[in-house]
Amino acid sequence: VAFRSRRVSLPRFGWTRLSLIYPASVLCTAGGGLLFAPGPVTGLLFAEGDYSPVILRLAGMFMLVLSVFVWQTLRHGWSEMYLWTIWLRLFMAGCLVWFYLASGDPLFVSIFAVLLVGISLSVSAVFADWREIKGSALA
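Okay, so the sequence shown: first residue is 19 according to my numbering, each after it adds one.
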């Protein structure tokens, strides 16, 4: 018995795809900053806590790796991942609220604000793309 893989082809989501440039750029920039200059970067984010440079560099490394994944998602047009990027960032936003409530460190408010801009861009883009797809289907 042969099994065939059925891959569902989703629309390209042009605006949504463009909206992922923001988080990819932020991840790349902040990840590089944390990896190579953790002290100044945490200062720019209004951190009041005492964070180990090694842990910050570890976070920077993970951010750079994640940025490569987001850039590749853009490059290859993996539209199946677009909505997942929104859900994962919503999860991250919830965690940041929790971290802020637990620590009171404004660092988490700064990161939350940057994250919220990206979520807003992507959600707006998804609605614009869906409206465009729905309109073209009716025509």
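Backbone N, C-alpha and C define an ideal beta-carbon position, used for all residues, glycine too.
The alpha helix (DSSP H) with Met99 in it runs from where to where? It is not in any alpha helix (DSSP H) - Met99 carries neither H nor E in the DSSP assignment.
In whole angstroms, give me the CA-to-CA distance for Gly1 and Cys46. Because the chain here runs from 19 to 157, residue 1 falls outside it and cannot be looked at.
Would you check if the distance between the CB atom of Gly112 and the CB atom of Val44 is smaller than 8 Å? no
With hydrogens ignored, establish whether the beta-carbon of Asp147 is closer than 7 Å to any heavy atom of the ligand ADP. The ligand ADP is absent from the structure shown, which contains no ligand whatsoever.
Is it buried or exposed, Ser142, if we count other Cβ atoms within 10 angstroms and call 16 or more buried? exposed
Just verifying my parser: in three-state terms, what is the DSSP assignment at Asp68? coil
Coil, strand or helix - Gly122 by DSSP: coil
Within the continuous alpha helix (DSSP H) that includes Leu36, where are the two ends? Gly32 to Ser37
Which class does Leu28 belong to by DSSP, given the choice of helix, strand or coil? Note that Leu28 has pLDDT 48, beneath the 50 cutoff, so the model's placement of it is unreliable and the number below is only indicative. In this structure, Leu28 counts as coil in the three-state DSSP scheme.
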